[in-house]
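Student: Encoded as structure tokens, here's the structure I'll be asking about.
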Amino acid sequence: MTRKALNQTLLSRYELGKSYIDKRSEALATSKSEAEFWRSLAKGTLARELMNQHSQSLGISFKTLRSAVEFAEAVESLLANCGNGAMETIFHGKYLQTEEAIKKLSRTSDVRQQYRMLGVSEGRFRSLAPQPTDLVFDTVSFQEVNSRLARARGAIVTMDTESRSGKPPSTLSIAIPILEDTKKAAFLLAKFLDLTSVSDSDIPEKLTKKSIWEKFKSGERAGTFVGKARLALRLTIKSAWDYPEMCRRQLRPSKEDAECTRREVKTISKSIASLKRTWQFAQNSKR
């Protein structure tokens, strides 16, 4: 299949899903029901009934139409945040885009969507799919902060368990400085919870994007153990970097969210301290 044919297939998928979205908008305009009642596709809902009717009229399955609608909604999100010019980049650009990449990008922040879209349109990136190296704001709710911390904590606890269950990995010495930065980032995040406003200047120079990214680029990539440490740092520092913009957007934590953040930070700190003790014991044993 040629790139042009693949692009046309993708465009047809969008147009199929968009046909239902337009039908739903028309029905909503004359309906006495609230908009949320037209979002759920649970059995017995207005949206479900409309999708059943529309899929039957088109001679396709409910599942096929629902999948196309999910894709069309992802495209609509990108158009809303990036402008109608995004249509050219998505469907007629130099590089073929995949449905998966488009859907992934639609679930990120407007800032990241614009960053990737511009990068592809200018030829700096081939894919719209978000990448770990995208150093731009990308938090749409505070729950993401605790989700990242939970993943970071999981990686660090696993490292701690591995180090104490047998002979510590030889790469523990490489991981320790990375984990020290992770602990500093976690404490910084906990500190931000108590501030009414946070700006980029509140992030210490050693924890800025420039400083951390230089370490990532120049640091040793010594296997999966160090990889876990790098992952933990990236997940933790990401929320600290995003916090100033979160404040500007009023993405503040609830009392429960803040308590969860503090618990995660405490666990991360304890596990890093345990790893450091293991490393120090190993160092002393060599003398």
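Start counting the sequence shown at 532; every next residue gets the next number (the numbering used here).
Glycine residues also receive a C-beta, built at the ideal position from the N, C-alpha and C atoms.
#1: Using 10 angstroms around the beta-carbon of Gly616, count the other beta-carbons present and answer buried if the total reaches 16, otherwise exposed.
#2: Taking Glu776 as the reference, which of Ser592, Lys574, Asp641 and Ala603 has the closest Cα?
#3: Do Phe718 and Ser800 count as a contact pair if the criterion is CB distance below 9 Å?
#4: With 16 as the cutoff for other CB atoms within 10 Å, does Glu567 come out buried or exposed?
#5: So, for Leu610: in the same chain, excluding its five sequence neighbours on each side, which residues have a beta-carbon less than 6 Å away from its beta-carbon?
#6: Using DSSP with H/G/I as helix, E/B as strand and the rest coil, what is Ser840?
#7: So Val671 is in the alpha helix (DSSP H); what residue range does that whole segment cover?
#8: In angstroms with no decimal places, state the Cα-to-Cα distance between Ile687 and Asn583.
#9: To test your reading of the DSSP string, which unbroken alpha helix (DSSP H) runs of 4 or more residues are found completely within the stretch 752-791?
#10: May I have the straight-line CA-CA distance separating Phe812 from Ala789, to the nearest angstrom?
#11: Just confirm the distance between the C-beta atoms of Glu736 and Ser730, as a whole number of angstroms; I'd bet it's less than 8 Å.
#12: From Ser805 to Thr767, what does the alpha carbon distance come to, in whole angstroms?
#13: Quick one: is Ser586 buried, meaning 16 or more other Cβ sit within 10 Å of its Cβ, or exposed?
#14: Compute the Euclidean distance between the alpha carbons of Ser672 and Ser543, then round it to the nearest angstrom.
#15: Would a C-beta distance cut-off of 9 Å place Ile621 and Val606 closer than the cut-off?
#16: Please check the pair Val667 and Thr702, which I expect to be a contact at CB under 8 Å, by giving their CB distance rounded to whole angstroms.
#17: From Ala681 to Ser696, what distance separates their C-alpha atoms?
#18: Could you give the DSSP three-state label for Ser550: helix, strand or coil?
#19: Please state the DSSP three-state secondary structure of Gln814.
Tutor: Short version:
#1: By the beta-carbon neighbour count (other beta carbons within 10 angstroms, threshold 16), Gly616 is exposed.
#2: Looking at the Cα atoms, Asp641 is the closest of the given residues.
#3: A contact, by the Cβ cut-off of 9 Å.
#4: Burial call: exposed.
#5: Cβ neighbours of Leu610 beyond the five flanking positions: Ala617.
#6: It is not possible to answer for residue 840, since the shown part of the chain is limited to 532 through 818.
#7: According to the DSSP assignment, Val671 belongs to no alpha helix (DSSP H), since it is labelled neither H nor E.
#8: The alpha-carbon atoms of Ile687 and Asn583 are separated by roughly 48 Å.
#9: Listed in chain order, they are 754-779.
#10: Going from the Cα of Phe812 to the Cα of Ala789 covers about 35 Å.
#11: Going by Cβ atoms, the distance from Glu736 to Ser730 rounds to 14 Å, so no, they are not a contact pair.
#12: Taking the straight line from one Cα to the other gives about 18 Å.
#13: Buried.
#14: The straight-line gap separating the alpha-carbon atoms of Ser672 and Ser543 is approximately 32 Å.
#15: Yes, Cβ-Cβ distance for Ile621 and Val606 is below 9 Å.
#16: Your pair Val667 and Thr702 does not check out as a contact, with CB atoms roughly 31 Å apart and the cut at 8 Å.
#17: In a straight line, the C-alpha of Ala681 is about 22 Å away from that of Ser696.
#18: Helix, per DSSP.
#19: DSSP places Gln814 in helix when its eight states are reduced to three.
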